[in-house]
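**Student:** Before anything else, here's the structure in question.
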Amino acid sequence: MAERLKAHGLLGEMAAEFAGTMILILFGVGVVAQVVATGVGEIQSIHWAWGLGVVFGVYVAGRISGAHLNPAVTIALAAFKGFPWRKVGPYALAQFLGAFFAALLVRWNYTEALAKADPGHTIKTQGVFSTLPANGNPNLPDYHQDVRGLAVAFHLDGSRPVISAQSLPLFSVRSPDEFQALISALAPGPAQLLRLPAFLLRHPHAALSLPTNNKALKAPLSYATLPYYAIHAYKWIAADGSSRFVRYHWMPEAGDHRLSGKDAKAGGRDYLKNEIAERLAAGPVRFTLRVQVAEDGDVTRDPSSRWPASRRVFDGGTLELTEPIAEEGVLVFDPTAVTDGIELSDDVVLQFRAGAYTESVNRRLA
Ligand code: HEM
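Numbering (our numbering), first residue to last: 2 to 367.
Below is the structure:
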């Protein structure tokens with residue numbers, strides 16, 4: 002068979018690449034579909050089946066085409082090992098078609114299981130067919146580089162004001178529209194490589210926040226060792242009617258401590274969750290509310306604006322966490338919930354967030 006295909010020259014080699022890649026993807030994507038959609042098997046099944054897929058793909062195509070089974074391998078062989086460039090396109094085409102055909106077969110075979118596991122065909126099962134840079138997904142491991150949040154609700158007589166804060170010191174965009182454009186640019190997929198630079202070119206001010214925010218993304222030692230920033234300006238009104246704009250952030254009593262990526266990974270996928278439970282069992286965790294006071298002329302409308310570091314900052318109180326509690330019912334942390342003596346600023350993103358959170362909660366409950 003191998004000799005017969007070899008006799009067909011390039012066409013025979015393309016057939017081998019098609020078949021080899023198809024087998025590789027049938028095993029690889031097939032096992033992920035099985036684990037994700039039916040719950041049969043686990044991570045070991047995925048490792049072994051992918052490995053077997055490579056072996057069988059190589060057995061099928063090895064003697065005819067060299068079993069590249071991946072355009073990246075073909076290009077690398079052409080660039081460094083003298084593989085003829087004229088064959089790169091045909092090989093890549095055959096590999097693409099083989100992989101696509103295999104994915105279609107898996108999709109067809111698991112139609113019912115996929116529809117049952119994920120009726121909306123959402124990102125939950127998209128990972129069966131593609132690898133995604135993970136973001137915004139609560140099931141991600143704790144060592145994944147991500148923004149962390151601290152939302153605090155104050156239960157007062159007749160009101161429940163909220164301070165909603167996150168671990169990035171700078172909000173990189175100026176309006177809800179820009180935020181939407183940023184989220185679209187960050188959407189998982191290979192196109193992100195182009196979309197993100199294009200977004201930054203169109204919104205150069207967003208690029209300015211990158212160095213500071215990148216540092217803040219470094220893996221935390223603990224949820225208790227991160228500062229959290231509430232970003233927006235709020236108006237504080239005194240008894241005599243005078244008012245000042247302020248911004249808040251929470252400073253951890255335990256200090257700001259980070260881990261290397263390697264150490265964070267060694268902690269395991271739930272290291273932050275486990276760590277905070279242990280820490281709370283040993284004693285309370287405290288944060289100080291730092292309040293920065295604006296002066297006349299400081300920008301309040303744009304959440305990406307910074308007030309000069311020379312502005313007065315004072316301690317507004319201490320938050321003490323004593324024990325973890327299980328979520329009861331639906332928790333909503335609407336940052337536009339304020340109380341007597343506090344009003345929203347004209348910050349366009351702050352004003353927008355009320356509607357976004359209500360919509361999100363409604364969808365979660367739907
Ligand atoms: C246009 C800007 C923003 C939009 C559209 C937005 C949207 C959302 C949505 C839809 C949720 C989920 C709410 C839920 O289902 O309960 C959420 C959660 C959250 N957001 Fe934002 N957000 C924005 C900006 C911000 C900013 C500036 C901060 C911090 C200063 C922030 C901090 C948080 C926190 C801490 C949570 C988690 C709250 C919880 O667990 O209930 N967000 N955001």
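Glycine residues also receive a C-beta, built at the ideal position from the N, C-alpha and C atoms.
#1: State the DSSP-derived secondary structure class of L366, mapped to helix, strand or coil.
#2: Confirm the yes/no value for this check: CB of S160, any heavy atom of the ligand HEM, distance under 7 Å.
#3: What residue ranges within the stretch 204–275 form continuous alpha helix (DSSP H) runs of no fewer than 4 residues, ordered along the chain?
#4: Who does T337 pair with in a DSSP beta bridge?
#5: Enumerated in chain order, which unbroken segments of the beta strand (DSSP E) with a length of 3 residues or greater are wholly contained in the stretch 96–135?
#6: Assuming Q35 is part of the alpha helix (DSSP H), what are its boundary residues?
#7: Can you check DSSP and say which residues form a bridge with D147?
#8: Using only alpha-carbon positions, find the residue among A166, V163 and A207 that is nearest to S173.
#9: Which two residues bound the contiguous beta strand (DSSP E) that contains V56?
#10: What are the boundary residues of the alpha helix (DSSP H) that S185 is part of?
#11: Give me, in chain order, the residues of the same chain whose beta-carbon lies closer than 7 Å to that of L227; leave out the 5 immediate sequence neighbours on both sides.
#12: From the DSSP output, in three-state form, read off F81 for me.
#13: Among the residues of its own chain, which have a CB less than 8 Å from the CB of L281, if the five just before and after it don't count?
#14: I want to know whether the stretch 271–278 touches the stretch 307–318 - three or more CB-CB distances under 8 Å.
#15: Between L320 and the rest of its own chain, which residues show a CB-CB distance below 6 Å, the 5 nearest in sequence each way excluded?
#16: Roughly how many whole angstroms lie between the Cα atoms of V56 and V74?
#17: With a CB to CB cut of under 6 Å and the five nearest residues on each side skipped, what residues in its chain are close to W51?
#18: Determine the DSSP secondary structure at L197, reduced to helix, strand or coil.
#19: The beta strand (DSSP E) with D316 in it runs from where to where?
#20: Hey, how far is the Cα of L366 from the Cα of A20?
#21: Exposed or buried, which one is S244 when buried takes at least 16 other CB atoms within 10 Å?
#22: Could you name the residues of the same chain whose beta carbon sits closer than 6 Å to that of Y224, not counting the 5 residues immediately before and after it, in chain order?
#23: In the DSSP assignment, find the beta strand (DSSP E) that holds F288 and state where it starts and stops.
**Tutor:** Inspection of the coordinates gives the following:
#1: helix
#2: no
#3: 205–209, 211–217 and 262–267
#4: None, per the DSSP bridge assignment.
#5: none
#6: Per DSSP, Q35 is not a residue of any alpha helix (DSSP H), being assigned neither H nor E.
#7: Per DSSP, none; premise fails for D147.
#8: A207
#9: Where V56 is concerned, there is no enclosing beta strand (DSSP E), although the alpha helix (DSSP H) it sits in stretches over I44 to S66.
#10: P177 to A186
#11: R149, S168, P221, P253 and D257
#12: In the structure shown, F81 sits in a helix (DSSP, three-state: H, G or I).
#13: L322, T323, E324 and P325
#14: no
#15: F288
#16: 16 Å
#17: Result list for W51: G29, in chain order.
#18: helix
#19: V314 to L322
#20: Cα-Cα distance, rounded: 46 Å.
#21: Taking all protein chains in view, the Cβ of S244 is surrounded by fewer than 16 other Cβ atoms within 10 Å, so the residue is classified as exposed.
#22: L273 and I277
#23: V286 to V294
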